[in-house]
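In full-length UniProt numbering, the protein residues as written are 1 to 292.
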Amino acid sequence: MHILTFDTEEWFIEKTFKGGRIEKYRQYDDMLSWILDVLDEYHLKATFFCVGELAVQFPDVVRKIAEKGHEIGCHGNRHMWITKMTEKEFAEDTKVAVTSLSNLIGTPIHSYRAPAFSINEKNAWAFEILAENGIKHDCSVFPANRDFGGFPQFKSSVPSLIYKGNSVLKEFPICPASFGGKPLPFSGGGYFRLIPMILQKHFIDKMDYVMFYFHINDLINQKAKIMSRREYEDYFKESGTIKNRLVRYVKGNIGKGDAKSKLKSLLRRYDFCNVEEAANTINWKNQPKVHL
Numbered sequence: 001m002h003i004l005t006f007d008t009e010e011w012f013i014e015k016t017f018k019g020g021r022i023e024k025y026r027q028y029d030d031m032l033s034w035i036l037d038v039l040d041e042y043h044l045k046a047t048f049f050c051v052g053e054l055a056v057q058f059p060d061v062v063r064k065i066a067e068k069g070h071e072i073g074c075h076g077n078r079h080m081w082i083t084k085m086t087e088k089e090f091a092e093d094t095k096v097a098v099t100s101l102s103n104l105i106g107t108p109i110h111s112y113r114a115p116a117f118s119i120n121e122k123n124a125w126a127f128e129i130l131a132e133n134g135i136k137h138d139c140s141v142f143p144a145n146r147d148f149g150g151f152p153q154f155k156s157s158v159p160s161l162i163y164k165g166n167s168v169l170k171e172f173p174i175c176p177a178s179f180g181g182k183p184l185p186f187s188g189g190g191y192f193r194l195i196p197m198i199l200q201k202h203f204i205d206k207m208d209y210v211m212f213y214f215h216i217n218d219l220i221n222q223k224a225k226i227m228s229r230r231e232y233e234d235y236f237k238e239s240g241t242i243k244n245r246l247v248r249y250v251k252g253n254i255g256k257g258d259a260k261s262k263l264k265s266l267l268r269r270y271d272f273c274n275v276e277e278a279a280n281t282i283n284w285k286n287q288p289k290v291h292l
């Protein structure tokens, strides 16, 4: 099973943190059109995890995706890390986002992914709040260490049932490959851009389940400038040291030159489904149960 997802927040990030440059909106619009055309070409449906503010500030972006028959999932309201929110703040953020997206497209929102995969052992209360807001499928678990998120204590890297309090969620975690006896993420973001396609295919061919995730900006072949200290701290909510900003610059720009061609090669070679389709296909009685 190969699942295809896109985390979709670029228009909101541009307006909120970068000043709303018209040329950037055009880039994002053009790249989204390219993605949707390629998915049409290969008769594939994906899940697009959209921030709630897109439904308010850029409703045409969300409508364009939904009208093509793709699943709209929730990616928080303002793309805030859950590690930097209280339970009350997260509950409000989730309610507003789910309501805004659902009202716009006219159908319930059942799938969710936390910005930066920021659900972990310490804030597992988030799963109960998601269930209370009608979320049935979560894609927030990154079962390894990573910047701003990661849940290395989560031992399953296949679809699993999460039990938290009185809530049950169908979890679709990111699926690191085993490389040299250690987990190696490969199926999205900078990992996908960095790891050669031949190695990507080697991993995929050995795995029964792969969750892929992309951002619109991952596929645009244009290097971003190094962020100023203020820009970094406004967005990442942590110290904007030169080291932190250089690391983010490298991670944000590496491998962009051939990202589009790699993605198209991937879509041409493998069948993909969206999260909702996957959830309806799996026999959940046979999947791991995780009690948190």
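Heads up, the beta-carbon is just placed ideally off N, CA and C, and yes, glycines get one too.
Owing to the predicted nature of the structure, the values given are computational and were not obtained by experimental measurement.
Contacting residues, own chain, Cβ-Cβ under 7 Å from N217 (five flanking each side not counted): Position 217 of the sequence shown, counted from the first residue, corresponds to residue 217. The residues are E10.
Exposed unless 16 or more other CB atoms sit within 10 angstroms - verdict on E23: Taking the first residue of the sequence shown as position 1, residue 23 is located at position 23. Exposed is the call here.
Beta-carbon proximity list for V210, same chain, < 6 Å, skipping 5 on both sides: Position 210 of the sequence shown holds residue 210. Setting aside the 5 residues that flank it on each side, V210 is surrounded in the same chain by H2, C175, S187, I204, each with a C-beta closer than 6 Å to its C-beta; the list follows chain order.
Start and end residues, alpha helix (DSSP H) containing Y191: One-based indexing of the sequence shown puts residue 191 at position 191. Here the alpha helix (DSSP H) through Y191 covers 189-194.
Reduced DSSP secondary structure (H/G/I, E/B, other) of G149: In the sequence shown, counting from the first residue as 1, residue 149 sits at position 149. Three-state DSSP puts G149 in a strand.
Touching by the beta-carbon criterion (3+ pairs, under 8 Å), the stretch 87-98 and the stretch 281-292: Between the stretch 87-98 and the stretch 281-292 there are fewer than three C-beta pairs closer than 8 Å, too few to call the two in contact.
Residues bridged to L161 [DSSP beta-bridge criterion]: Here the question's residue 161 lines up with position 161 in the sequence shown. Looking at the DSSP assignment, L161 forms a beta bridge with K170, K289.
CA-to-CA distance, G52 to F272, given in whole angstroms: As a working note, residue 272 is residue 272 in the sequence shown. As a working note, residue 52 is residue 52 in the sequence shown. Cα to Cα, the separation comes out at about 25 Å.
Cβ separation of F48 and H70, assumed to be a contact under 8 Å, to the nearest whole Å: Locating residue 48 in the sequence shown gives position 48, counting from the first residue. Locating residue 70 in the sequence shown gives position 70, counting from the first residue. So it is a contact: roughly 6 Å between Cβ atoms.
Sheet register partners of G73 (DSSP bridge): Within the sequence shown, numbered from 1, the residue matching residue 73 stands at position 73. In DSSP, G73 forms a bridge with F49.
CB contact flag (K170, D138, <9 Å): For the purposes of this step, residue 170 is identified with residue 170 of the sequence shown, where counting begins at 1. For the purposes of this step, residue 138 is identified with residue 138 of the sequence shown, where counting begins at 1. Here K170 is near D138, since their CB atoms are less than 9 Å apart.
Cβ-based neighbour list, S100, same chain, cut-off 8 Å, excluding 5 preceding and 5 following: The residue given as residue 100 occupies position 100 in the sequence shown. The answer, listed in chain order, is G52, E53, A55, V56, N77.
Where K136 falls: helix, strand or coil (DSSP): Here residue 136 refers to the residue found at position 136 of the sequence shown. DSSP places K136 in coil when its eight states are reduced to three.
Status (buried if at least 16 other CB within 10 Å, exposed otherwise) for Q200: Working through the sequence shown from its first residue, we reach residue 200 at position 200. Classification of Q200: buried, given that the 10 Å Cβ count is 16 or more.
Sequence-distant residues of its chain with Cβ nearer than 6 Å to S261 (five each side left out): For the purposes of this step, residue 261 is taken as the residue at position 261 of the sequence shown. So no residue of the chain qualifies.
Distance between L161 and K285 (C-alpha atoms, nearest Å): Counting from one through the sequence shown, the residue named residue 285 turns up at place 285. Counting from one through the sequence shown, the residue named residue 161 turns up at place 161. Each residue's Cα considered, the two are about 9 Å apart.
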